[in-house]
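**Q** Pasting a structure below so you can have a look.
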Amino acid sequence: MKFVKAEWDAEMHGFDLDPSAYLAELPKMRDALPPGAWAYASDAEHYSMRGSRCVKDLELAAISVPTDKRGILVIDFAANQWKHECGLRLRYSGVSHFSIDYDRLIDWMQADTVLLDEILPREGGCLHEIALTDASITVHCQDIEAMWGGTE
553 MKFVKAEWDA EMHGFDLDPS AYLAELPKMR DALPPGAWAY ASDAEHYSMR GSRCVKDLEL
613 AAISVPTDKR GILVIDFAAN QWKHECGLRL RYSGVSHFSI DYDRLIDWMQ ADTVLLDEIL
673 PREGGCLHEI ALTDASITVH CQDIEAMWGG TE
């Protein structure tokens with residue numbers, strides 16, 4: 553990610569997370585981001601670590617990859633029972649690229665959970681990067697629709 557910091561800190565034995573550089577840049581991106589991506593990224597609780605609508609600690613639950621030319625990709629995240637009231641569904645339209653890269657370094661967790669994410673403008677839409685505990689997801693799309701509770 554360009555601005556968001558989400559890195560393993562061996563000395564701390566945990567992840568070092570810091571969205572502050574991204575949050576400083578985000579207002580400058582308002583006119584460049586598609587409307588759905590802007591609404592999702594600028595939600596007041598998106599990066600509020602204790603907030604029930606913060607992406608941190610959501611569990612990767614399902615991915616539905618587009619099989620036709622509509623280019624609709626859906627990623628479902630399950631709620632963390634200690635933090636979230638409900639899960640999150642991200643629906644990407646006009647997908648031109650999707651990848652998930654696994655590190656396979658953490659074997660003590662049953663599911664990959666979200667550390668943080670970052671949405672940047674790009675020609676024809678946006679780039680969404682999601683850092684997970686043991687993987688990363690990258691999506692290039694026209695726009696994103698975020699639906700809290702959309703996975704139940």
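In the working numbering, the protein residues as written are 553 to 704. No residue lacks a Cβ here, since even glycine has one placed at the ideal position from N, Cα and C.
(1) Which residue's Cα is closest to the Cα of Ala-613: Pro-571, Lys-580, Leu-578, Thr-665?
(2) Compute the Euclidean distance between the alpha carbons of Gly-566 and Leu-575, then round it to the nearest angstrom.
(3) Can you tell me whether Gly-701 is buried or exposed? The criterion is at least 16 other CB atoms within 10 Å of its CB, across all chains shown.
(4) Quick check: His-598 and Leu-642, are their CB atoms within less than 9 Å of each other?
(5) Ile-627 CB to nearest chain D CB: under 9 Å?
(6) Mapping DSSP to helix, strand and coil, what is Trp-660?
(7) Here's the rule I'm using: 16 or more other beta-carbon atoms within 10 Å means buried, otherwise exposed. How should Ala-562 be labelled?
(8) Quick check on the DSSP output: the alpha helix (DSSP H) that includes Pro-673 runs from which residue to which?
(9) Given a threshold of 16 other Cβ atoms within 10 Å of its Cβ, counted over all protein chains shown, does Ile-682 qualify as buried or as exposed?
(10) Nearer than 8 Å: is that true of the beta carbon of Ala-596 relative to any heavy atom of the ligand NAD?
(11) On the premise that Ala-593 lies in contact with Ile-689, defined as a C-beta separation below 8 Å, what is that separation, rounded to the nearest angstrom?
(12) Below 8 Å on the Cβ atoms is my contact criterion, and I expect Pro-618 with Gly-677 to pass it. Report the Cβ-Cβ distance as a whole number of Å.
(13) Candidates Ala-630, Tyr-644, Ser-645: which alpha carbon is nearest Cys-638's?
**A** Concretely, from the data shown:
(1) For this step, residue 613 is matched to residue 61 along the sequence shown. The shortest Cα separation from Ala-613 among Pro-571, Lys-580, Leu-578, Thr-665 belongs to Thr-665.
(2) Locating residue 566 in the sequence shown gives position 14, where the first residue counts as 1. Locating residue 575 in the sequence shown gives position 23, where the first residue counts as 1. Taking the straight line joining both Cα atoms gives about 22 Å.
(3) For the purposes of this step, residue 701 is taken as the residue at position 149 of the sequence shown. Gly-701 should be labelled exposed.
(4) Sequence index remark: in the sequence shown, residue 598 carries index 46 (1-based). Sequence index remark: in the sequence shown, residue 642 carries index 90 (1-based). In this structure, Leu-642 does not lie closer than 9 Å to His-598 by Cβ.
(5) Absent here is chain D; the protein component of the structure consists of one chain.
(6) As a position in the sequence shown, residue 660 is number 108, starting the count at 1. Confidence is the limiting factor: at Trp-660 the pLDDT is only 49, short of 50, which leaves the residue's position unreliable, though a coordinate-based value still follows. Coil.
(7) As a first step, residue 562 must be located in the sequence shown, where it is residue number 10. That one is exposed.
(8) Here residue 673 is taken as the residue at index 121 of the sequence shown, counted from 1. Where Pro-673 is concerned, there is no enclosing alpha helix (DSSP H), although the beta strand (DSSP E) it sits in stretches over 666–674.
(9) Mapped onto the sequence shown, residue 682 falls at position 130. By the 10 Å Cβ count, Ile-682 comes out buried.
(10) Questions concerning the ligand NAD fall outside what the structure shown contains, since it holds no ligand whatsoever.
(11) Translated into the one-based positions of the sequence shown, residue 689 becomes position 137. Translated into the one-based positions of the sequence shown, residue 593 becomes position 41. In fact, because the Cβ distance is near 15 Å, the residues do not count as touching under 8 Å.
(12) In the sequence shown, the residue the question calls residue 618 occupies position 66. In the sequence shown, the residue the question calls residue 677 occupies position 125. About 14 Å separates the two Cβ atoms, so there is no contact after all.
(13) Counting from one through the sequence shown, the residue named residue 638 turns up at place 86. Ranking Ala-630, Tyr-644, Ser-645 by Cα distance to Cys-638 puts Ala-630 first.
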